[in-house]
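Engineer: This is the structure I have questions about; it appears just below.
Number of protein chains: 2
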Amino acid sequence: MTYQAPVDDILLALKTAVDLDGRLAAGLYDDLDIETLTAVIEEAGKFGAEVLDPLNSVGDKQGSRLVDGKVVTPDGWKEAYAQFVAAGWGALPCSPDYGGQGLPEIAQMVAAEIWNATNMSFGLCPLLTQGAIHALMISGTEEQKATYLPKMVSGEWTGTMNLTEPQAGSDLGAIRTKAVPQGDETYRIFGTKIFITYGDHELSENIIHLVLARLPDAPAGTKGISLFLVPKFLVGPKGEIGARNDVVCTGVEHKLGIHASPTCVMQYGDGDGAIGYLIGQENRGLATMFHMMNQARLAVGVQGVAISERASQHADAYARDRKQGAKIGGPPGEMVAIINHVDIARSLLHMQALTQASRMICYATAGEIDVSHLANDPGKREAAAARGALLTPVAKAFSTDASLEVASTGIQVHGGMGFIEETGAAQYLRDARILPIYEGTNGIQAIDLVTRKLPLGDGAVVKAYIEDLSQMVGEVVASNEPDFVRMAEKLGGAVKALAAATHWMGEQLQSHPEAALASATPYLRLFGIAAGGAYLGKSAVTAVRNGEGSGRAVMVARYFAENVSTEAPGLADAVTGGADAVLAATPERLEG
Amino acid sequence: MTYQAPVDDILLALKTAVDLDGRLAAGLYDDLDIETLTAVIEEAGKFGAEVLDPLNSVGDKQGSRLVDGKVVTPDGWKEAYAQFVAAGWGALPCSPDYGGQGLPEIAQMVAAEIWNATNMSFGLCPLLTQGAIHALMISGTEEQKATYLPKMVSGEWTGTMNLTEPQAGSDLGAIRTKAVPQGDETYRIFGTKIFITYGDHELSENIIHLVLARLPDAPAGTKGISLFLVPKFLVGPKGEIGARNDVVCTGVEHKLGIHASPTCVMQYGDGDGAIGYLIGQENRGLATMFHMMNQARLAVGVQGVAISERASQHADAYARDRKQGAKIGGPPGEMVAIINHVDIARSLLHMQALTQASRMICYATAGEIDVSHLANDPGKREAAAARGALLTPVAKAFSTDASLEVASTGIQVHGGMGFIEETGAAQYLRDARILPIYEGTNGIQAIDLVTRKLPLGDGAVVKAYIEDLSQMVGEVVASNEPDFVRMAEKLGGAVKALAAATHWMGEQLQSHPEAALASATPYLRLFGIAAGGAYLGKSAVTAVRNGEGSGRAVMVARYFAENVSTEAPGLADAVTGGADAVLAATPERLEG
């Protein structure tokens, strides 16, 4: 079935979770208007549906392969990437100083959702390039920016992030890759990096690797890590392509999903060493990397939204097409499309509700990042940066956990056909399965939320956010819609549960931090449910005001409130009362 | 890592959920004793670990393929199957009248868990053969039994179940395969069946297909379906292999998982028609099939337990081996095995808790089936049959949903390595993904539970079961263990929630059956959580009585109570209050 960009859902999410109308009116996004944004969504949707979506299963079947030391991407990949660059999609969010279109973060998120919905393996290439651009924008010298950014912004060159080594995954302090200064502002890089997305390919004429490595005299651990730019081909003073650098792909992983996205083992310095250039200060590489990683974490959350959306559309189309069984209470023996069976309708509704809740949370996060860059008032910028930091782990983990649930439910809607690869439903689950893992596992997101984000502003940041959620629920109450009474009660219950669990977390962080860690994972889910529900409730109020009370937004919000938000009190109970049971799980006792 | 049969967990589950000691003492299982049963577990565990487990990833990589019209199984498959037959494992649960060992259902479940834990693709072959044997035992003539059963019981011949057709999946009433009587007690079968597990292969010298088909004058729908036995090779009066029958495999599906288990498209009657023999009465085929399917549903639940167990062991081994990050509060910079990180320990504990809860539910169901066959008192037999019927959909759906969660968590514990196929963790998720689908989707299980099983005995069957669950929780309360106070409260809360939701279901079934269907899925999960928790609580009490209060059983039960049973009140809330929101999801409204 054909992908359709969910224009209405996206705009509703932007209006609800980002106050798009208010921001456009206040001029935060310069001369951007709703028509332009809608056109971006529609055009991106068209490109995704026509160019990327048809390649998605081709990419899955063929995969990217290492042939004679070079990575070969699937049929059609190179042409599609050239079209992507030619259409200017690479340049969407970047600074006009380097040839970008200067659109805000929210526009980038919207476009990224569409690339990843139609072809996540493809979408990863620009995602990584954006990350590298971001790192250069933050910490590169003017000369570095002038040399590399224009071609990266246009997409003619792509970028990679080289963090992981066999012994250094979640713990980057264990990185061993070496950088030896040559006394001429260059360094020679030696080491092996693994799990490097699009580490090699021939879609672009050059690849700009950002690589974490250690100087010879660097302190141990995370405080001795520097960031280097290592181009695949050296670049001359006028941007011309020069000699091949000493970096090669020595292997491509055989993975559960995203087969077309080459996950490379990269060997730096098999000969004299790969020539690299320091980005930012020596031994301060992790600071730049973490800054960039926050953006990447949000982008991964959006990948979750994307897969959820695509899996929902796929299942919906099948459920309208596949006839099986008579409707309860309908004419016996007369088969109906399975969407008419209530348990299937429930499944589709569940998928839609999780998708839209995740979308709201991700867009809200993107909106805060925009304000943190664009607001005139430094206080507003700072407050938005803090809230964006608070929400980022929730956007990443809640949305990607949801994407597994949605993709798996999508398979289930297809029945036996869902298990057959040709159907296409299974690929979404296989592809999505990486999302809770990369850019910091969801367990690490939960720990980040609890130990680094809750303490922001001495707890004032989370407190203010929960108050905003309460206010949104207040709008649902104030709407006086008879159908909204139970919805308001359940949404309010979730926010109260979040407040109670947050209070408990604050106490534990002081007195018993291990307990806070033990309950971090259910706490993050609780956070996502409370936040997602509040946004959906607000969007239902807007829909009623617009005379769309019998539409999808209200249906989705009610379902979420009455069937998902109902989890919240139990989650709070597990958070505040279940930690001791978790802490009993020593390695010895787990063994029996 | 090597698989280890979980002997202690299995015995604890049998003692808790089946009252094994009491039954052995009462002689229900004739001269079976605990030593024999333990030996069966240990020997099966050895066979699984040494023969089947090493073939599991070989089978996944190679898959079974259709070559020149014949299904070729992976390397080593044929030898392993021959060993399986030679060791007598096929004959375990069958009647000694036909060469079986006559062991009870619980012993069969235990062995099946082990085959499926070590190699689910392999385990499916005997599983289907058991199903076919079961159908013949119920409805075959003495002559049919004498002709086919001895070789099927020994495993020299395998069996298949042919239900599904392209237009007839969940709705078997739509079956079109034709059976034309030949006037000589044989029929000619014409039609196409899909999704036929082990529909063709060369592991055995013959394959006995059980096929649903329609007689020429059969009534429409489910009341016009008959069951036929169609051998791959016709069998002479002395059991000798005769001519090739007119049935061929025309395709093998390319699936998400269980690659080595050939899922066949079967063509009956490409020429003169496949010769078939009626099993049971004309037009009564579904009755036999449903009887057998109940047993198969329990077997699928056990496959869920099996995958959960294997995925847990795999993740546990990795978490003890993989070093990453310093322990919070430990020496900085000193990497520890990740099992020492509390969020990883939580994940492993969660996996173990869901595994053992599922096991308890499945074994309890198997125990009821045993009593329904073996008890002297007809009243006891009938009551046990009813309880077994009540629990079967819960055993199937709860355990298989849990297996997805456990296998997915297992991938997560492996971090990035979990996404790499060579690691092996991903295969468990891919294999498990069929479990909620086949033998009746889990949505259908939930509907079966609500609409057919809750009304059994006018509601008395479920009422008595919930009372038994309350009594088990009462034992936890009565234990007076200080550590058990919160556990008892949460387990009791879950049983109360189940009672309330069951009461609501009873009312809806009278007045508003669509609402009951709308809430069937969360109701089944609630049922599983309440039941699993009660069994785990009881096992914790036993452990304390045996002086094992600091052991794994208590740890697992506490975790389940304080971190999973906590979901129950919210589930009851969704069941009883969320149905209207689901029923709003008409096809039009789902579209937007």
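In order, the protein sequence lines correspond to chains E and G.
Under the numbering used here, the first residue of the first sequence carries the number 1, and numbering increases by one thereafter.
Under the numbering used here, the first residue of the second sequence carries the number 1001, and numbering increases by one thereafter.
Ideal placement from N, C-alpha and C gives every residue a C-beta, glycine not left out.
Source: prediction; values computed, not measured.
Please list the segments of the alpha helix (DSSP H) lying wholly inside the segment 1066-1112 of chain G, counting only runs of 4 or more residues, in order along the chain.
Structural biologist: Listed in chain order, they are 1077-1086.
Engineer: Quick check: what's the CA-CA separation for asparagine 546 of chain E versus asparagine 480 of chain E?
Structural biologist: As a first step, residue 546 of chain E must be located in the first sequence, where it is residue number 546. As a first step, residue 480 of chain E must be located in the first sequence, where it is residue number 480. Near 15 Å, if we compare the C-alpha coordinates of asparagine 480 of chain E and asparagine 546 of chain E.
Engineer: Straight-line CA distance for proline 332 of chain E to alanine 326 of chain E?
Structural biologist: Reading the first sequence from its first residue, position 332 is the one you call residue 332 of chain E. Reading the first sequence from its first residue, position 326 is the one you call residue 326 of chain E. Taking the straight line joining both Cα atoms gives about 6 Å.
Engineer: What is the DSSP secondary structure of isoleucine 175 of chain E, counted as helix, strand or coil?
Structural biologist: One-based indexing of the first sequence puts residue 175 of chain E at position 175. In the structure shown, isoleucine 175 of chain E sits in coil (DSSP, three-state: anything other than H, G, I, E or B).
Engineer: How about lysine 453 of chain E and leucine 390 of chain E: do their beta carbons lie closer than 8 Å?
Structural biologist: Translated into the one-based positions of the first sequence, residue 453 of chain E becomes position 453. Translated into the one-based positions of the first sequence, residue 390 of chain E becomes position 390. Yes, the Cβ-Cβ distance between lysine 453 of chain E and leucine 390 of chain E is below 8 Å.
Engineer: For alanine 1553 of chain G, collect the residues of the same chain with a Cβ closer than 7 Å to its Cβ; drop the 5 residues on either side in sequence, then sort them by chain order.
Structural biologist: As a position in the second sequence, residue 1553 of chain G is number 553, starting the count at 1. Excluding residues within five positions, the ones whose Cβ falls inside 7 Å are Leu1012, Ser1539, Ala1540, Ala1543.
Engineer: Check whether the Cβ atoms of glycine 1440 of chain G and alanine 1494 of chain G lie closer than 8 Å to each other.
Structural biologist: Position 440 of the second sequence holds residue 1440 of chain G. Position 494 of the second sequence holds residue 1494 of chain G. Result no, Cβ atoms of glycine 1440 of chain G and alanine 1494 of chain G do not sit closer than 8 Å.
Engineer: With a cut-off of 8 Å, does the C-beta of histidine 512 of chain E fall near any C-beta of chain G?
Structural biologist: Counting from one through the first sequence, the residue named residue 512 of chain E turns up at place 512. Taking Cβ atoms only, chain G never reaches closer than 8 Å to histidine 512 of chain E, which makes this a no.
Engineer: With 8 Å set as the bound, which would you pick, yes or no: does the beta-carbon of lysine 255 of chain E sit closer than that to a beta-carbon of chain G?
Structural biologist: The residue labelled residue 255 of chain E in the question sits at position 255 within the first sequence. Yes, contact with chain G.
Engineer: If contacts are defined as beta-carbon pairs under 8 Å, then isoleucine 1189 of chain G and alanine 1213 of chain G qualify, I think. What distance do you get, rounded to the angstrom?
Structural biologist: Your numbering for residue 1189 of chain G matches position 189 in the second sequence. Your numbering for residue 1213 of chain G matches position 213 in the second sequence. The pair is a contact, with the Cβ atoms about 6 Å apart (cut-off 8 Å).
Engineer: For the alpha helix (DSSP H) containing asparagine 56 of chain E, name the first residue and the last one.
Structural biologist: Residue numbering aside, residue 56 of chain E sits at position 56 when the first sequence is read from its first letter. Run containing asparagine 56 of chain E: 53-62, per the alpha helix (DSSP H) assignment.
Engineer: Do alanine 1599 of chain G and threonine 288 of chain E have their C-beta atoms within less than 8 Å of each other?
Structural biologist: Here chain G comprises residues numbered 1001 to 1592, so residue 1599 of chain G is not present and cannot be evaluated.
Engineer: Considering just the uninterrupted stretch of the alpha helix (DSSP H) at arginine 589 of chain E, what are its terminal residues?
Structural biologist: Residue 589 of chain E sits at position 589 when you count from the first residue of the first sequence. Run containing arginine 589 of chain E: 587-591, per the alpha helix (DSSP H) assignment.
Engineer: Taking the alpha carbon of valine 394 of chain E as the point to measure from, which residue in E:Pro436, E:Asp370, E:Arg589 has its own alpha carbon closest?
Structural biologist: Residue numbering aside, residue 394 of chain E sits at position 394 when the first sequence is read from its first letter. It is E:Pro436 whose Cα lies nearest to the Cα of valine 394 of chain E.
Engineer: Would you say leucine 1349 of chain G reaches chain E, if we count a Cβ-Cβ gap shorter than 8 Å as a contact?
Structural biologist: Counting from 1 along the second sequence, the entry for residue 1349 of chain G is found at position 349. Yes, contact with chain E.
Engineer: Can you tell which of G:Thr1073, G:Leu1298, G:Tyr1277 has its C-alpha closest to the C-alpha of leucine 1210 of chain G?
Structural biologist: In the second sequence, the residue the question calls residue 1210 of chain G occupies position 210. Closest option to leucine 1210 of chain G, Cα to Cα, is G:Tyr1277.
Engineer: Between alanine 260 of chain E and chain G, is the shortest Cβ-Cβ distance under 8 Å, so that the two count as touching?
Structural biologist: In the first sequence, counting from the first residue as 1, residue 260 of chain E sits at position 260. Judged by the 8 Å Cβ criterion, alanine 260 of chain E is not in contact with chain G.
Engineer: Would you say asparagine 1206 of chain G reaches chain E, if we count a Cβ-Cβ gap shorter than 8 Å as a contact?
Structural biologist: Here the question's residue 1206 of chain G lines up with position 206 in the second sequence. Chain E, which has no Cβ nearer than 8 Å to the Cβ of asparagine 1206 of chain G, makes this no.
Engineer: Tell me whether proline 14 of chain E sits in a helix, a strand or coil according to DSSP, three-state version.
Structural biologist: What you label residue 14 of chain E is simply residue 14 of the first sequence in a count that begins at 1. According to the sequence shown, residue 14 of chain E is leucine rather than proline. Reduced to three states, the DSSP call for leucine 14 of chain E is helix.
Engineer: Considering isoleucine 1338 of chain G, what are the terminal residues of the beta strand (DSSP E) in which it resides?
Structural biologist: The count along the second sequence starts at 1 and reaches residue 1338 of chain G at position 338. Unbroken run through isoleucine 1338 of chain G: none, as it is neither H nor E.
Engineer: In the DSSP assignment, find the beta strand (DSSP E) that holds arginine 1188 of chain G and state where it starts and stops.
Structural biologist: Here residue 1188 of chain G refers to the residue found at position 188 of the second sequence. Run containing arginine 1188 of chain G: 1187-1197, per the beta strand (DSSP E) assignment.
Engineer: By alpha-carbon positions, which one of E:Ile279, E:Ile444, E:Phe560, E:Ala86 ends up nearest to glutamate 489 of chain E?
Structural biologist: On the first sequence, residue 489 of chain E is found 489 positions in, with the first residue counted as 1. Residue E:Phe560 is the option with its Cα nearest to glutamate 489 of chain E.
Engineer: Kindly list, in the order they appear in chain E, the residues whose Cβ is closer than 8 Å to that of aspartate 1116 of chain G.
Structural biologist: Here residue 1116 of chain G corresponds to residue number 116 of the second sequence, with the count starting at 1. The sequence shown places asparagine at residue 1116 of chain G, not aspartate. In chain order: nothing, as chain E lies at least about 17 Å away.
Engineer: Determine which residues of the segment 467-490 of chain E have a Cβ less than 7 Å from any Cβ of chain G, and write them out in chain order.
Structural biologist: Here the close residues are Arg486.
Engineer: So which residues of chain G does alanine 12 of chain E contact, with C-beta pairs closer than 9 Å?
Structural biologist: On the first sequence, residue 12 of chain E is found 12 positions in, with the first residue counted as 1. For the record, residue 12 of chain E in the displayed sequence is leucine; it is not alanine. Here the premise fails: no neighbours, minimum Cβ distance about 10 Å.
Engineer: Have a look at aspartate 21 of chain E and aspartate 270 of chain E and give me their C-alpha separation to the nearest angstrom.
Structural biologist: Here residue 21 of chain E refers to the residue found at position 21 when the first sequence is read from its first residue. Here residue 270 of chain E refers to the residue found at position 270 when the first sequence is read from its first residue. So the two alpha carbons sit approximately 55 Å from each other.
Engineer: Which word fits methionine 1161 of chain G, buried or exposed, when buried means at least 16 other C-beta atoms lie within 10 angstroms of its C-beta?
Structural biologist: Looking up residue 1161 of chain G in the second sequence gives position 161. Methionine 1161 of chain G is buried by the Cβ-count criterion.
Engineer: Rounded to whole angstroms, what is the Cα-Cα separation between leucine 1404 of chain G and serine 1121 of chain G?
Structural biologist: To locate residue 1404 of chain G, count along the second sequence from 1; it is residue 404. To locate residue 1121 of chain G, count along the second sequence from 1; it is residue 121. Spanning the two alpha carbons is a distance of roughly 16 Å.
Engineer: What does valine 67 of chain E touch in chain G if you count any residue whose Cβ is under 7 Å from its own?
Structural biologist: Residue mapping note: residue 67 of chain E aligns to position 67 of the first sequence, counting from 1. None at all; the shortest Cβ gap to chain G is about 19 Å.
Engineer: Please determine if the segment 1156-1172 of chain G and the segment 1121-1141 of chain G are in contact, where contact requires at least 3 C-beta pairs separated by less than 8 Å.
Structural biologist: They touch, by the three-pair rule.
Engineer: Figure out for me which residue from G:Asp1033, G:Ala1218, G:Pro1231, G:Met1001 has the closest Cα to the Cα of proline 1054 of chain G.
Structural biologist: Locating residue 1054 of chain G in the second sequence gives position 54, where the first residue counts as 1. Proline 1054 of chain G has its Cα closest to that of G:Met1001, out of G:Asp1033, G:Ala1218, G:Pro1231, G:Met1001.
Engineer: Taking 8 Å as the threshold (beta carbon to beta carbon), is leucine 1590 of chain G in contact with chain E?
Structural biologist: Sequence index remark: in the second sequence, residue 1590 of chain G carries index 590 (1-based). It does; some Cβ of chain E falls within 8 Å.
Engineer: Could you check whether the Cβ of phenylalanine 1122 of chain G sits closer than 8 Å to any Cβ belonging to chain E?
Structural biologist: Counting from 1 along the second sequence, the entry for residue 1122 of chain G is found at position 122. False, the Cβ-Cβ gap to chain E never drops below 8 Å.
Engineer: Using a Cβ cut-off of 8 Å (strictly closer), state whether asparagine 546 of chain E contacts chain G.
Structural biologist: In the first sequence, counting from the first residue as 1, residue 546 of chain E sits at position 546. Not an interface residue.
Engineer: Give the single residue among G:Gln1108, G:Ala1499, G:Ser1261 whose Cα lies nearest to the Cα of isoleucine 1041 of chain G.
Structural biologist: Residue 1041 of chain G sits at position 41 when you count from the first residue of the second sequence. It is G:Gln1108.
Engineer: Closer than 9 Å between beta carbons: that is the criterion. Which residues of the segment 286-314 of chain E meet it against chain G?
Structural biologist: Within the segment 286-314 of chain E, no residue has a Cβ that lies closer than 9 Å to any Cβ of chain G.
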